[in-house]
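Numbering (this note's numbering), first residue to last: 85 to 402.
By construction, the Cβ of each residue, glycine as well, lies at the ideal position given by its N, Cα and C atoms.
Since the model is a prediction, treat every value here as computed from it, not as a measurement.
Quick notes on the structure that follows.
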């Protein structure tokens, strides 16, 4: 589960600061792009997409498909050693360690399946992604690109389709969920129910995060508000440890719940993750936590950022 911590580093980045405004205000009404159908890879609980930057004729680069990232990023080391021509500029951002300068790289194109999915004049946030080295990814595709498409993901055939808003895919056999996007955390948020092993039920919102290598990560504020520290049965296994964005220790532990329900979908006897002794590591008010790919991949889904609708269809025979 070491990649949970790696994801947490990115999530803390998302939670605690606004990156460049041009990234977060990408038009949600651009329907000029055709349907783009292509294969993706699954590496553990990560969705990997192959893309080409600036029309380069070199090999494709691996990008993480991440509905939990507010902006698209590029690895600083990869950018430095590549032959990609780009202009760097600095912008101020509020991070966990205070006011920080963030580099942004202007690029001409980011092409998936020979179709440029990047908006004209856009930029990538330049971040150190060395902790994802074993996944061989050089970037993360986030909200600023995804918000301009209806994205359908088929885990059975490992096929993804990016539709323009005027080419809506069929959702007749899917269950629909309306979601919310806040200005500071533009990650799909919708309600779920969880049932503890002592049959206590709790309801609240989760973030739909395809970049999280876990089933469910509970928010420390939610744990404290509901006295869950003594109600959840811990699992005796080694805790995950790493460093957060502001270099503070991060520790996650495991526990069990009896049931997780979203709409008509039910997932039973789940191992979930909890923050441990560092409450500042993941403590944001007014929601349960993060729903990760360990659960998401049990469904095929369609996400429509224009209508703020998520469609799920449970996979069978898993």
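According to DSSP, what are the bridge partners of residue i?
i, result
"residue 121", "245"
"residue 306", "Answer is none; residue 306 lacks a bridge partner."
"residue 209", "157 and 188"
"residue 236", "245 and 386"
"residue 138", "DSSP, once it has assigned bridges, lists no residue as partnering residue 138."
"residue 288", "276"
"residue 227", "For residue 227, which the question treats as bridged, DSSP gives no partner whatsoever."
"residue 130", "127"
"residue 281", "Paired residue(s): none; residue 281 is not in a bridge."
"residue 199", "196"
"residue 144", "Its beta-bridge partners do not exist; DSSP assigns none."
"residue 355", "340"
"residue 173", "188"
"residue 395", "260 and 386"
"residue 317", "340"
"residue 350", "345"
"residue 301", "357 and 374"
"residue 149", "225"
Candidates the options: which alpha carbon is nearest residue i's?
i, options, result
"residue 427", "308, 252 and 136", "With the chain covering only 85 through 402, there is no way to say anything about residue 427."
"residue 164", "132, 188, 153 and 276", "188"
"residue 390", "272, 218 and 383", "272"
"residue 138", "196, 243, 378 and 191", "191"
"residue 238", "393, 400 and 383", "383"
"residue 393", "354, 255 and 144", "255"
"residue 207", "194, 217 and 126", "194"
"residue 160", "265, 224 and 360", "224"
"residue 134", "197, 342, 298 and 289", "197"
"residue 199", "269, 251 and 120", "120"
"residue 153", "269, 166, 233 and 253", "269"
"residue 151", "252, 217, 125 and 265", "265"
"residue 162", "341, 125, 149 and 217", "217"
"residue 149", "373, 253, 125 and 166", "125"
"residue 395", "252, 373 and 311", "252"
"residue 304", "341, 289 and 373", "373"
Quick one: residues in its chain with C-beta nearer than 6 angstroms to the C-beta of residue i, no 5 flanking neighbours on either side, listed in chain order?
i, result
"residue 235", "246 and 387"
"residue 318", "339"
"residue 170", "189, 190 and 191"
"residue 127", "219"
"residue 352", "343"
"residue 168", "137 and 138"
"residue 289", "273, 275 and 371"
Below 8 angstroms CB to CB, which residues in the same chain sit around residue i once its five sequence neighbours on both sides are set aside?
i, result
"residue 285", "277, 278 and 279"
"residue 282", "315"
"residue 350", "343 and 344"
"residue 313", "307"
"residue 310", "286"
Does any residue of chain B have a CB that is nearer than 9 angstroms to the CB of residue i?
i, result
"residue 350", "No chain B appears in the structure shown, which is made up of a single protein chain."
Between residue i and residue j, how many whole angstroms is the CB-CB distance? I'm expecting something under 8 angstroms.
i, j, result
"residue 146", "residue 131", "Incorrect: roughly 11 angstroms between the Cβ atoms, too far for contact."
"residue 397", "residue 257", "6 angstroms"
"residue 287", "residue 275", "6 angstroms"
"residue 377", "residue 129", "4 angstroms"
"residue 222", "residue 158", "7 angstroms"
"residue 306", "residue 371", "7 angstroms"
"residue 336", "residue 300", "So it is not a contact: roughly 12 angstroms between Cβ atoms."
"residue 375", "residue 291", "7 angstroms"
"residue 379", "residue 302", "In fact, because the Cβ distance is near 13 angstroms, the residues do not count as touching under 8 angstroms."
Take residue i and list the residues in its own chain whose beta-carbon comes closer than 7 angstroms to its own, dropping the five residues that flank it on each side.
i, result
"residue 123", "242 and 243"
"residue 399", "239, 240, 382, 383 and 384"
"residue 360", "323, 335, 336 and 337"
"residue 144", "134, 135 and 136"
With a threshold of 8 angstroms, are at least 3 pairs of Cβ atoms found where one atom belongs to the segment 342-361 and the other to the segment 257-268? yes
Would you be able to state if there are at least three C-beta pairs under 8 angstroms between the segment 221-237 and the segment 192-203? yes
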